[in-house]
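S.K.: Take the position in the sequence shown, starting the count at 1, then add 856; the result is the number in our numbering. Quick reminder that beta carbons are idealized off the backbone N, C-alpha and C, glycines included. Supplied in structure tokens, the structure appears directly below.
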Amino acid sequence: MEDISRPTIDLFHPYYLDEFETTGTGLVSSDSVFDGSGYGVWRRLLLLALTVKNKVGFVDGSCPMPSAESPLLGAWIRCDAMVMSWILNSLSNEIATSVIYSETAKDMWHKLELRFDEPYGLKMFRLYKELVGLKQGSSGIAIYFTKLSSIWSELDSLNIHMKCIRECKCGTKLQFYKAEEDKKLFQFLMGLNESYDRVRGRILMMSPLPSLYQAYSLLLQEESLQREVQSGQKMKNDARKMNVECNYCKKQGHTIDKCYKIHGFPTHFNQTK
């Protein structure tokens, strides 16, 4: 006989839980467990995972608790407890202990936000400071560009007031996008090593300026060319060393010092002798 006291929950309903869901699982890998640093990245990973599971409403308040008379109250409590378990399993033991007695997932999330989320001004200042100080250094072009892209992405996520929510027909949006891309291009070029001065100048002389990714592609090609030149030079140097004739034993491929180690001739022997 069908139990009419338990309402049927659709597969796409926020209250739906797969039969394989357990409280022992986390939403991030063990390497991404939040231990007090990198809150922004951890927060983003959690929200993405909760969105996939259709449970983000339990932390942002868009899925509030039903009334006491609602037949769905039990299902909501079960889902909320599951979300809290997922969050706790994605935290280090010390941080999890500090929020384990939260009443709801929303309450737990709010406590974490208050404790670890940076104010808007501090976050923007930190990102721009990182952006200004970032140089290529010993990194390859790809790694350097990836570091820049990470900062740009986080800045773009914070500048929500600059995003157009309507379809733009006047061209202003495209002009703004091009200006923003040009700014990123300049930031990218400014942090390059001096070995890329030639190709950097060539990019800046282009009219109109290339896109950020076109410039990135050109610099990857230049990096590959420089590696080939360096590799060829190294081979020439190695070949030159192999052709050196020792003045003592008349063999090629080693110096007088190496020859001394082999033959044990007097240290005052003159290689030019």
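Please list, in chain order, all residues of the same chain as Lys911 whose beta carbon is under 7 Å from its beta carbon, the five residues on each side excluded.
M.R.: Taken in chain order, the residues that qualify are Pro870, Cys935 and Val939.
S.K.: Could you tell me the distance, in whole angstroms, from the CA atom of Tyr1069 to the CA atom of Ile943?
M.R.: Approximately 37 Å between the Cα atoms of the pair.
S.K.: For the stretch 867 to 954, list the alpha helix (DSSP H) runs that are entirely contained and at least 4 residues long, ordered along the chain.
M.R.: 895 to 908, 913 to 916 and 929 to 945, all fully within the stretch 867 to 954.
S.K.: Compare the beta carbon distance of Gln992 and Gly1047 with 9 Å and say whether it is the shorter of the two.
M.R.: It is a contact, given that the beta carbons lie within the stated cut-off.
S.K.: Which whole-angstrom value describes the C-beta separation of Leu1014 and Lys1039, a residue pair presumed to lie in contact below a C-beta threshold of 8 Å?
M.R.: Rounded, the Cβ-Cβ distance is 16 Å, inconsistent with contact.
S.K.: Using beta carbons (cut-off 9 Å, strictly below), is Lys962 in contact with chain B?
M.R.: Checking the listed chains, one finds no chain B in this structure; it contains a single protein chain.
S.K.: Going by C-alpha distance, which of Gln1077, Leu947 and Ser1067 is nearest Tyr1052?
M.R.: Looking at the Cα atoms, Gln1077 is the closest of the given residues.
S.K.: Quick one: using the 10 Å Cβ neighbour count with 16 as the cut-off for buried, is Ser923 buried or exposed?
M.R.: Result: exposed.
S.K.: Report yes or no: do three or more beta-carbon pairs, one from the stretch 998 to 1012 and one from the stretch 945 to 957, lie closer than 8 Å?
M.R.: Touching, no, given that fewer than three Cβ pairs across the two stretches are closer than 8 Å.
S.K.: Using the C-alpha atoms, what's the distance from Phe1001 back to Val1055?
M.R.: If you take the alpha carbons of Val1055 and Phe1001, they lie about 16 Å apart.
S.K.: For the alpha helix (DSSP H) containing Thr960, name the first residue and the last one.
M.R.: Careful: Thr960 lies outside any alpha helix (DSSP H) and carries neither H nor E.
S.K.: From Ile997 to Leu1074, what does the alpha carbon distance come to, in whole angstroms?
M.R.: Rounded to the nearest angstrom, the two C-alpha atoms are 10 Å apart.
S.K.: Specify, as a first and last residue, the run of the alpha helix (DSSP H) that Leu978 falls within.
M.R.: Where Leu978 is concerned, the enclosing alpha helix (DSSP H) stretches over Tyr976 to Gly989.
S.K.: Ile1059 lies in the alpha helix (DSSP H); which residues open and close that run?
M.R.: Segment Asp1053 to Leu1060, the alpha helix (DSSP H) holding Ile1059.
S.K.: Tell me the rounded alpha-carbon separation between Ser918 and Leu1030.
M.R.: Rounded to whole angstroms, Ser918 to Leu1030 spans 33 Å at the Cα level.
S.K.: I'd like the list of long-range same chain contacts for Tyr1072, defined as Cβ closer than 6 Å, with 5 residues on each side in sequence excluded.
M.R.: Cβ neighbours of Tyr1072 beyond the five flanking positions: Phe1001.
S.K.: Assuming Ser946 contacts Val889 (C-beta within less than 8 Å), just tell me the rounded distance between them.
M.R.: Contact holds; Cβ gap of about 6 Å.
S.K.: Please report the straight-line C-alpha distance between Tyr872 and Lys1034, rounded to a whole angstrom.
M.R.: Looking at the two C-alpha atoms, the distance is approximately 44 Å.
S.K.: Measuring only the C-alpha atoms, how far is Phe876 from Phe868?
M.R.: Distance between the alpha carbons of Phe876 and Phe868 is about 16 Å.
S.K.: How far does the alpha helix (DSSP H) with Gln992 in it extend, from its first residue to its last?
M.R.: Note, Gln992: premise wrong, no alpha helix (DSSP H); not H, not E.
S.K.: Could you please give the first and the last residue of the uninterrupted alpha helix (DSSP H) stretch that includes Asp973?
M.R.: First-last for Asp973: undefined, no H or E at that position.
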